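Below: the structure, in structure tokens.
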């Protein structure tokens with residue numbers, strides 16, 4: 035899948051270099067102590083669980099946010 039990796043690299047270059055988007059929550063000034071609150075707010079309107087391809091609860095969302103630091 036060499037072509038796929040090239041597309042990913044080009045998209046990343048466009049998003050982060052040309053558009054100037056940040057690539058992590060930390061670069062946006064988010065600190066890890068804010069992640070539980072952010073996860074709670076992300077799930078508060080759906081009873082603490084997001085339903086999609088898989089079900090994600092508040093702790094799952096918090097763990098995803100940690101990966102984005």
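In my numbering, the protein residues as written are 35 to 103. Here a beta-carbon is modelled for each residue, glycine too, at the ideal position from N, C-alpha and C. Please read these numbers as outputs of a predicted model, since none were measured by experiment.
Leaving out five residues before and five after residue i in sequence, what residues of the same chain have Cβ atoms less than 8 Å from its Cβ?
i, result
"residue 66", "100 and 103"
Residue i and residue j look like a contact to me (Cβ under 8 Å); what is the Cβ gap, rounded to whole Å?
i, j, result
"residue 92", "residue 77", "5 Å"
"residue 84", "residue 95", "7 Å"
What first and last residue would you give for the alpha helix (DSSP H) that runs through residue i?
i, result
"residue 84", "No alpha helix (DSSP H) contains residue 84, which is instead part of the beta strand (DSSP E) from 83-85."
"residue 97", "92-101"
"residue 61", "Counting along the chain, residue 61 falls outside any alpha helix (DSSP H), and DSSP gives it neither H nor E."
"residue 88", "Where residue 88 is concerned, there is no enclosing alpha helix (DSSP H), given that its DSSP letter is neither H nor E."
"residue 53", "Per DSSP, residue 53 belongs to no alpha helix (DSSP H) and is neither H nor E."
I'd like the list of long-range same chain contacts for residue i, defined as Cβ closer than 7 Å, with 5 residues on each side in sequence excluded.
i, result
"residue 74", "92"
"residue 70", "96"
"residue 82", "91 and 92"
Considering only the beta carbon of each residue, do residue i and residue j sit closer than 7 Å?
i, j, result
"residue 49", "residue 55", "yes"
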